[in-house]
Each structure stands twice: as C-alpha cells, then as structure tokens.
Amino acid sequence: MRSRARSRSRDVASIDMGPMIDMVFLLLIFTLVTARMTEESVVELDPPASTQARSVQDNAVHVSVDRRGDIYVGNEMVGHFAQAAIAQQLAKKGTDHVVLHADGRTSTADLMHAMDVSREAGATHVDLAAATE
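In structure tokens:
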C-alpha cells in the first residue's frame, strides 16, 4: 500500500503542448498566406519645372507616367488596367480630379494617353504637376 501512495504523489500534472503548437503554426501559415506581401515601389520622376506651378487639392487622384510610358496610380504600376484603377480611386476618394505627374522626358504621346485614360475613367479635371522653380 505504501508503494501506491508514493506513486500517486509523484504524478505531476502536465499539459500536452502538441495541439497548441499546431494551432500556432496554422495561424502563422494563415497570416503569411493572407497578408499582402508587396514591396512599396516609388516612381522616380524628374518633373519639368514651371514658374506658374501652384498647389492642388489634397483629395485628387495622383497618376504618374514614367519616361517609358508606364502608368502608375499612387505607387502601383497599373499597365493596361489604368482606366479601371483610376476609376476605382476616383470613386474611393469621391472626386473627379486627377493630377498627372510626368517625367520631363516622357513623350507627349504617352502623356496624352494618360490624360485620355483619366478622362475615360471619369475625371473632369486633369492637371499636370510640375516642380516650382
């Protein structure tokens, strides 16, 4: 009888950590799969200068055209989906104003294409951004 009493007193309560580790691992996988893993790209532009440049309203949609003619909405390159992306941003911000940021070496044809796409997306005011002298 003495041996039974000793064995009971030596029993230590334990928690099985296996299921908890499995849950943490599953939550980690879920987070990695659903998280948006994009690098924030910055459009490098050398805008033309103007003595008549003025500030614009804050809620305008900013569209950039680099020297190769690629169109960006914000800092995201949109390519052939430019019209849809601009329309989405116009609706999101509740505005009809687009500000085009173009590199000084952007061709006139690429700039006009960006202006046309902005108008087709629903913008009624399209301004060209310039650096102040």
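All residue numbers for the sequence shown refer to this note's numbering, where the first residue is 2 and numbers rise by one. Virtual Cβ for every residue (Gly too), placed ideally from N, Cα, C.
Candidates the options: closest to residue i by CA position
i: His-98; options: Arg-106, Ile-16, Ala-88 and Gly-105; result: Ala-88
i: Ser-119; options: Pro-49, Gly-19 and Tyr-73; result: Tyr-73
i: Ser-108; options: Pro-49, Thr-35 and Ser-56; result: Pro-49
i: Asp-104; options: Thr-125, Ala-130 and Ile-16; result: Ala-130
i: Leu-102; options: Asn-76, Asp-12 and Phe-26; result: The residue asked about is misnamed: residue 102 is His in this sequence, not Leu. His-102 has its Cα closest to that of Asn-76, out of Asn-76, Asp-12 and Phe-26.
i: Gln-90; options: Ala-14, Ala-122, Val-25 and Leu-33; result: Ala-122
i: Val-100; options: Gly-19, Ser-56, Ser-15 and Ala-14; result: Ser-56
Identified DSSP bridge partners for residue i
i: Met-78; result: Tyr-73
i: Leu-101; result: Val-64 and Leu-129
Exposure of residue i, with buried meaning 16 or more beta-carbon neighbours within 10 Å
i: Met-116; result: buried
i: Asp-59; result: exposed
i: Asp-67; result: buried
i: Val-127; result: buried
i: Ala-83; result: buried
i: Ala-124; result: buried
i: Leu-28; result: exposed
i: Ala-86; result: buried
Distance between beta carbons of residue j and residue i, contact taken as under 8 Å
i: Val-64; j: Thr-96; result: No, Val-64 and Thr-96 are not in contact; Cβ-Cβ is about 13 Å, not under 8 Å.
i: Gly-70; j: Asp-111; result: 4 Å
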